[in-house]
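Each residue of the sequence shown is one higher than the one before, starting from 1 at the first, in the UniProt record's numbering.
We put the CB at the ideal spot given by N, CA and C, even for glycine.
Notes follow once the structure below has been shown.
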Amino acid sequence: MDVVVVESPAKAKTINKYLGPGYKVLASFGHVRDLPAKDGSVRPDDDFAMDWEVDAASAKRMKDISDAMKGADGLILATDPDREGEAISWHVLDLLKKKKVIGDKPVKRVVFNAITKKAVLDAMAHPRDIDTPLVDAYLARRALDYLVGFNLSPVLWRKLPGARSAGRVQSVALRLVCDREDEIDRFVAEEYWNISALLKTPRGDEFEARLVSHLGKRIQRNSVTNGEQAGGIKTLLEGAQYVVDSVEAKPVKRNPGPPFTTSTLQQAASSKLGFSASRTMQVAQKLYEGIDIGGETVGLITYMRTDGVQMAPEAIDGARAAVADQFGPRYVPEKPRFYSTKAKNAQEAHEAIRPTDFNRSPDKVRRFLDADQMRLYDLIWKRGIASQMASAEIERTTVEILADNDGEKAGLRAVGSVIRFDGFIAAYTDQKEEGEPSEDGDDEGRLPEINAREALAKKQINATQHFTEPPPRYSEATLIKKMEELGIGRPSTYAATLKTLSDREYVTIEKRKLIPHSKGRLVTAFLENFFTRYVEYDFTADLEEKLDKISAGELNWKDVLREFWTSFFAQIEDTKELRVTNVLDALNEALAPLVFPKREDGSDPRICQVCGTGNLSLKLGKYGAFVGCSNYPECSFTRQLSSDGGADAEASGNNEPRALGKDPVTDEEITLRSGRFGPYVQRGDGKEAKRSSLPKGWTPDSIDFEKALSLLSLPREVGPHPETGKMITAGLGRYGPFILHDGTYANLDSIEDVLSVGLNRAVTVLAEKQSKGPGGRGRTAAAALKEIGEHPDGGAITVRDGKYGPYINWAKVNATLPKGKDPQSVTMEEALLLIAEKAGKSGTKKAPAKKAPAKAAAKPKAAKAKASDADATVAKAKKTTAAKPKAKAAPKTKKS
């Protein structure tokens with residue numbers, strides 16, 4: 001018997017079925033060890049020696065693997081086919097060697113790009129050794145990230161209190177967001193006019209033509225800059241005679257794009273499905289690891305962390321066969337299509353993201369997938385099959401028109417296109433691919449029959465005023481695209497980088513746009529002034545290129561580290577002489593529009609408006625930066641920097657507390673106030689007064705007496721746990737809403753849940769948290785025992801098996817079955833009755849929206865994944881003294 005090590009338990013179960021009884025497949029659950037979150041884990045003075053630490057959960061998994069190896073014939077390392085997967089195999093092997101369970105037993109490394117029986121068996125037939133250069137590249141990347149994080153973050157804490165952390169890729173991504181915000185701040189709108197004519201052919205057909213020349217001068221978008229100029233041109237056109245100067249019909253071929261890479265999939269899922277990068281990777285991971293299709297678990301897509309755009313020869317053959325079968329022989333191009341990436345520093349060792357079987361069309365697997373899985377698979381299948389389809393044949397017609405008013409002439413142009421053969425566009429029957437024509441082939445509008453030299457009748461002249469707009473803020477999709485263009489980060493890091501920026505509160509997301517928080521702009525300004533080189537785009541991209549050369553065996557990883565560390569350490573040492581006043585002076589200038597916004601009365605924004613003589617400047621407090629007066633303490637004016645780049649005034653004397661009512665128990669006044677760190681409610685006065693910050697989503701305008709009272713009553717007791725008898729409490733903490741039982745935290749979705757959660761729901765949430773194990777990467781969600789049907793309000797009703805027995809699940813509602821009730825005998829009527837009863841007890845007032853029940857149900861999963869990180873951080877925070885803050889350890893499991 002051979003022991004096979006993979007990363008996830010879901011994958012282990014599937015692969016075990018493929019391999020049969022001669023193998024024992026065990027999961028490592030991602031990384032089995034990591035660098036401890038403390039100084040000295042990487043030692044530059046000791047030739048960059050690295051200390052690794054195995055946590056309790058990983059130690060148990062390694063013991064299981066070690067025990068299995070004692071009676072095994074050999075070891076097969078089958079972790080994911082990327083740099084992280086190679087590193088996990090190296091860690092597992094190193095630990096097993098130290099446990100002395102390997103001996104002379106053969107060790108093989110196998111990789112497969114898809115979880116299908118054929119792919120797995122082919123990989124097992126072609127084993128190799130661990131790729132040492134790939135491991136070296138991982139070690140170099142891990143050491144670089146550690147050295148930057150553990151040396152630069154403390155500088156931020158000392159010189160810029162309130163800053164959470166800095167990172168090699170994270171800080172450069174943040175700079176991109178902040179630079180775009182600076183562009184928007186500097187932008188000045190300019191006026192321009194568009195002029196067009198609605199014309200009619202002799203046959204009575206109407207069409208629109210736009211102005212392209214006037215009195216012999218070419219007219220571009222911003223050529224007409226004022227109403228007077230536009231009015232003169234309009235007068236000319238009103239009295240002109242129109243004749244068709246030329247008609248040109250030109251055939252154009254449009255080719256399909258390549259299959260998805262990680263970044264293009266994240267971009268498409270964001271723009272078309274509204275998925276965040278993290279959500280895209282979560283759903284793709286499940287499609288890759290395997291879906292139960294009619295009793296067989298099979299991976300539906302290939303590995304989803306890749307920047308390659310090519311498909312394997314057998315996949316190309318399969319796609320061409322599927323095209324012929326589903327669309328017809330004419331849709332198959334004469335030769336297969338081959339693609340190459342244009343992304344900087346891309347590595348094309350892996351395939352693009354594609355279906356594992358093109359005959360498995362979206363309609364054939366629809367009933368086995370939830371809503372999000374179906375939408376993402378549909379996107380991947382269409383893009384993959386379209387990449388091997390014939391070009392679309394389009395006829396593009398350009399009509400040039402001459403307008404003549406007593407010798408004053410102007411030129412107009414009308415453009416239209418018609419698809420003569422849809423080609424690859426036939427794959428997109430229900431959506432338009434970005435940059436591709438619409439399904440009806442009318443990107444620019446159809447034109448009626450128009451003949452050269454014929455006269456046209458004028459129907460209407462339109463002159464419309466417009467103003468130029470600032471560059472748009474980045475969305476997750478466009479930021480990923482920009483990072484890829486610059487060669488910053490890698491497919492496996494995009495989602496994690498964006499999540500870090502959000503978790504650190506360096507950026508906020510509004511209407512899917514990334515807006516830098518004031519603390520994010522402060523950190524970026526600090527790094528640009530005092531660590532310029534390390535947030536330069538070219539420097540970061542060049543370092544990524546060196547890491548790629550290490551993985552190719554072209555550079556020694558320790559040489560790269562030495563070169564980096566020498567200059568980086570010198571820069572760190574230089575900051576020891578840096579005074580806080582130097583930092584504040586630099587930030588005052590770099591962030592002047594943020595710190596000193598213009599005043600409506602035109603007065604100097606740097607002079608205190610309270611005392612009239614003091615100079616305003618950035619000040620640094622325990623929790624971050626704020627604006628204060630130089631005449632302190634005589635003048636106590638302060639103003640916090642707002643998250644959207646403006647400034648919120650708050651000073652003694654000009655922002656009085658707002659009374660909301662009196663506490664019915666203590667008879668103390670409850671007030672709404674605004675402090676240096678945001679709005680909050682307070683009961684009573686003095687140092688002992690109870691206070692509570694407003695939770696996310698609650699604005700000062702929405703706060704009334706009842707809401708304030710509910711906040712000040714937290715934490716609240718939910719009830720004793722039925723097993724331990726210990727009290728469960730619900731509260732609002734630094735990391736959001738939570739419930740607590742016997743030292744175990746579990747996150748809730750919202751403050752409303754904190755105020756309404758009942759005992760049954762609290763016990764369920766705690767059980768789900770515990771079932772996931774350390775890090776929240778343990779057991780998967782309970783499998784469905786029975787599919788009952790669709791709820792009248794939308795969403796599937798299922799019977800599932802939980803820790804406390806079978807229960808009915810619908811969206812967020814879990815209703816326990818009565819004792820002795822057979823799960824297979826539950827009827828729709830019984831299920832609806834139990835759901836309604838449970839929803840009433842837990843305070844659920846609103847059913848999920850009919851249009852997207854599955855998506856609504858998916859949100860708690862994302863929240864719980866986030867909860868695991870928050871819980872780990874809370875537990876660490878209890879052990880860490882305020883006098884010596886430490887950097888938060890990087891998660892050990894692999895991130896999307």
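Given residue i, which residues of its chain have a CB within under 6 Å of its CB, disregarding the five upstream and five downstream residues?
i      : result
Arg175 : Thr524, Val535
Glu408 : Leu236
Leu19  : none
Lys117 : Tyr18
Gly384 : Pro259, Arg354, Pro355
Taking the alpha carbon of residue i as the reference point, which residue from the options has its own alpha carbon closest?
i      : options                        : result
Val718 : Leu755, Ser693, Leu709         : Leu755
Arg128 : Leu77, Ala114, Lys159, Leu156  : Leu77
Glu469 : Asp185, Ala277, Ala123, Thr262 : Asp185
Arg420 : Ala414, Lys696, Lys24, Arg446  : Arg446
Pro664 : Ser710, Pro679, Leu834, Thr699 : Ser710
Tyr331 : Glu351, Pro256, Gln267         : Pro256
Arg320 : Gly423, Asp34, Gly743          : Gly423
Ala44  : Phe358, Arg639, Glu7, Asn151   : Note that residue 44 corresponds to Pro in the displayed sequence, not to Ala. Out of Phe358, Arg639, Glu7, Asn151, Asn151 has the C-alpha closest to the C-alpha of Pro44.
Ala592 : Asn582, Arg579, Arg606         : Arg606
Ala49  : Arg639, Ile797, Leu561, Gly614 : Leu561
Arg206 : Lys458, Glu573, Pro36          : In the sequence under discussion, the amino acid at residue 206 is Glu, which differs from the Arg named in the question. Selected option, being the one with the closest Cα: Lys458.
Phe467 : Leu95, Ala189, Ala166, Asp94   : Ala189
Thr132 : Ser8, Leu412, Leu555           : Leu555
Who are the near neighbours of residue i in its chain, counting only those whose CB is closer than 7 Å to its CB and skipping five residues on each side?
i           : result
Leu134      : Arg83, Glu86, Ser551
Asn588      : Val595, Ser617, Leu618
Ala689      : Gln682, Arg683
Thr764      : Asn814
Ile480      : Ser263, Gln266, Gln267, Ala277, Tyr494
Ile316      : Pro336, Gln388
Trp90       : Ile130, Val135
residue 974 : For the chain, the structure presents residues 1 to 896; residue 974 sits outside this window and is missing.
Asp245      : Glu400, Ile401, Leu402
Roughly how many whole angstroms lie between the Cα atoms of residue i and residue j?
i           : j      : result
Gln465      : Tyr192 : 6 Å
Arg221      : Leu514 : 29 Å
Leu594      : Ile703 : 28 Å
Lys821      : Val799 : 12 Å
Gly40       : Asp51  : 8 Å
Ala137      : Ala249 : 54 Å
Trp157      : Leu620 : 11 Å
Glu830      : Val813 : 15 Å
Asp2        : Asp73  : 5 Å
Val4        : Lys382 : 34 Å
Pro362      : Val243 : 51 Å
residue 900 : Ala427 : Because the chain is modelled from 1 through 896, residue 900 falls outside the range shown and cannot be assessed.
Arg210      : Gly227 : 17 Å
Ala890      : Leu672 : Its pLDDT being 41, under 50, Ala890 is placed unreliably by the model, and nothing is read from it.
Val283      : Asp372 : 7 Å
In chain order, what residues of the same chain lie with their CB nearer than 8 Å to the CB of residue i, ignoring the 5 residues before and after it?
i      : result
Glu634 : Cys611
Ala173 : Leu479, Met483, Ile488, Gly489, Thr497, Leu498, Leu501
Pro737 : Pro695, Ala730, Gly731, Asn747, Leu748, Asp749, Ser750, Ile751, Asp753, Val754
Phe338 : Gln310
Inset, instruction - Could you say if the region 293-301 and the region 395-402 meet the contact criterion of at least three C-beta pairs nearer than 8 Å? - result: no
Inset, instruction - Kindly provide the ranges of any alpha helix (DSSP H) runs that are 4 or more residues long and lie completely inside the region 116-162, ordered along the chain. - result: 117-124, 132-159
Legend entry - Whole alpha helix (DSSP H) elements within the region 427-507, 4-residue minimum: 476-486, 494-503
Legend entry - Ordered list of beta strand (DSSP E) runs contained in the region 175-212, each at least 3 residues: 191-200
Legend entry - the region 196-210 touching the region 498-509, judged by at least three CB pairs closer than 8 Å: no
Inset, instruction - Pick out the complete beta strand (DSSP E) segments inside the region 228-313, 3 residues or longer, and give them in chain order. - result: 241-254, 291-293, 296-298
Inset, instruction - Within the region 350-420, note down every full beta strand (DSSP E) run reaching 3 residues or more, in order along the chain. - result: 392-405
Inset, instruction - Scan the UniProt domain "Toprim" (1-111) and note each continuous alpha helix (DSSP H) run of 4 residues or more that stays entirely inside, going in chain order. - result: 9-19, 56-70, 83-98
Legend entry - Inter-stretch contact at 8 Å, needing at least 3 Cβ pairs: the region 52-70 / the region 100-107: yes
Legend entry - Entirely enclosed alpha helix (DSSP H) segments - the region 510-579, minimum 4 residues: 518-530, 537-551, 557-574
Legend entry - Runs of alpha helix (DSSP H) wholly within the region 706-789 (minimum 4 residues, chain order): 751-756, 759-772
Legend entry - Inter-stretch contact at 8 Å, needing at least 3 Cβ pairs: the region 532-546 / the region 109-125: no
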